[in-house]
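Under the numbering used here, the first residue of the sequence shown carries the number 262, and numbering increases by one thereafter. Here a beta-carbon is modelled for each residue, glycine too, at the ideal position from N, C-alpha and C. Keep in mind the model is a prediction, meaning the values are calculated, not measured. Worksheet: one structure, shown below.
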Amino acid sequence: MIKVLVVEDEKIIREGLIESISWDLLNCKIVGQGKNGKEGLDLIKTLNPDLVITDIKMPILDGLEMIEQAMEEGFQFKAIILSSYSEFEYAKKGIKLGVLDYILKPLDEDILLETIEKFKSNFYKSESDSISRYLSEEYNIFVRKTVQIILDRYVTKLSIKDIALELDVSASYLSRKIREETDETFLDILNKHRVSKSILLLKEERYKLYEISEMVGFSDYKHFCTVFKKYFNIPPGDFLRRRDE
Numbered sequence: 262m263i264k265v266l267v268v269e270d271e272k273i274i275r276e277g278l279i280e281s282i283s284w285d286l287l288n289c290k291i292v293g294q295g296k297n298g299k300e301g302l303d304l305i306k307t308l309n310p311d312l313v314i315t316d317i318k319m320p321i322l323d324g325l326e327m328i329e330q331a332m333e334e335g336f337q338f339k340a341i342i343l344s345s346y347s348e349f350e351y352a353k354k355g356i357k358l359g360v361l362d363y364i365l366k367p368l369d370e371d372i373l374l375e376t377i378e379k380f381k382s383n384f385y386k387s388e389s390d391s392i393s394r395y396l397s398e399e400y401n402i403f404v405r406k407t408v409q410i411i412l413d414r415y416v417t418k419l420s421i422k423d424i425a426l427e428l429d430v431s432a433s434y435l436s437r438k439i440r441e442e443t444d445e446t447f448l449d450i451l452n453k454h455r456v457s458k459s460i461l462l463l464k465e466e467r468y469k470l471y472e473i474s475e476m477v478g479f480s481d482y483k484h485f486c487t488v489f490k491k492y493f494n495i496p497p498g499d500f501l502r503r504r505d506e
């Protein structure tokens, strides 16, 4: 799931963001909340979120300074800025930091959801393409070998039980190590990589959906559609149309 951090000094807005949106349905999880930029920076370092939703004007450290300092220390994430009308020009400076978007207060939930959906489209594509980071020696050798198998053989039928047998370890051990070291499950890593590859094929507009399903390793077309919708909230047939709108 996508890890989301909310940083907002106004309690009613912060809690409203967390409680009014069905984050699970977006395949997102609120991993933390902060009431100022200093707390937010500490939480970024601790939780390593994928997406940070933050106000600009906050005590101790403002939102842009928080983002800038975190990125200078090597943390990689995307941010959505919340801004009041009087801070509009200030908010635009955040674009230079790679901020996804700024949303004016009072918050329009539909605009926020639309921005999150756009983020997800790029996130899963880049995340899946970057699973090779798990090949780094900082990760357990069996985790590295599992990821390499996914990269090499994602078009074939893969299960953690079969891979564990191939690596001569128990499936429970392998599953636990993958979860501990990547904060993802084996199926998450495999499915995100497959969905990433399916997007490339969808963009070619040459293949039928059931053909794409088979080409990226799904033996069942309906299952492919279910997995795709889990990550994007729309079926694969609607993906390109939504992207072009």
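Fully contained in the stretch 267-295 are the following alpha helix (DSSP H) runs of length 4 or more, in chain order: 272-281. A residue is called buried once 16 or more other Cβ atoms fall within 10 Å of its Cβ, and Glu269 is buried on that count. For Leu304, the enclosing alpha helix (DSSP H) stretches over residues 298-308. DSSP places Ile321 outside any beta strand (DSSP E), giving it a letter other than H or E.
Counting only residues of its own chain and dropping the five nearest sequence neighbours on each side, Tyr400 has a CB closer than 7 Å to the CB of Glu442.
Under the three-pair Cβ rule at 8 Å, the stretch 328-344 counts as touching the stretch 359-377. Tyr468 sits in coil when the DSSP states are folded into three classes, being neither helix nor strand. Non-local C-beta neighbours of Ser281 in its own chain, meaning closer than 8 Å and more than five positions away in sequence, comprise Glu370, ordered along the chain. Between Ile364 and Ile372, the C-beta spacing is below 7 Å. Here Ile495 carries a coil assignment [DSSP, helix/strand/coil].
Here Val313 is buried. Its C-beta has 16 or more other C-beta atoms within 10 Å.
Membership of Ile341 in the beta strand (DSSP E) is indicated by the continuous run 339-344.
When secondary structure is reduced to three states using DSSP, Tyr482 falls in the helix class. In this structure, Glu300 is the residue among Asp311, Lys306, Glu300 with its C-alpha nearest to the C-alpha of Ile321.
Val408 places its beta carbon 7 Å or farther from that of Lys438. Between the C-alpha atoms of Asp311 and Asn452 there is a straight-line separation of about 18 Å. A distance of 7 Å or more separates the beta carbons of Gly293 and Asp323. Counting along the chain, the unbroken alpha helix (DSSP H) around Ile402 starts and ends at 402-414. Assigned with DSSP and collapsed to three states, Asp423 falls in helix. Annotated as proximal: Ser344 and Ile317, with beta-carbon spacing under 7 Å. Annotation for Gln330: Leu302, Leu322 place their beta carbon closer than 8 Å to its own, counting only its chain and skipping 5 residues before and after. Beta bridge pairing from DSSP links Thr315 with Val268, Ile342. Just so you know, the alpha carbons of Val477 and Lys290 end up roughly 27 Å apart.
For a cut-off of 8 Å, the C-beta gap from Asn309 to Tyr492 is around 20 Å, too long to register as a contact. Looking from the CA of Phe485, the closest CA among Arg275, Phe336, Lys458, Asp285 belongs to Lys458.
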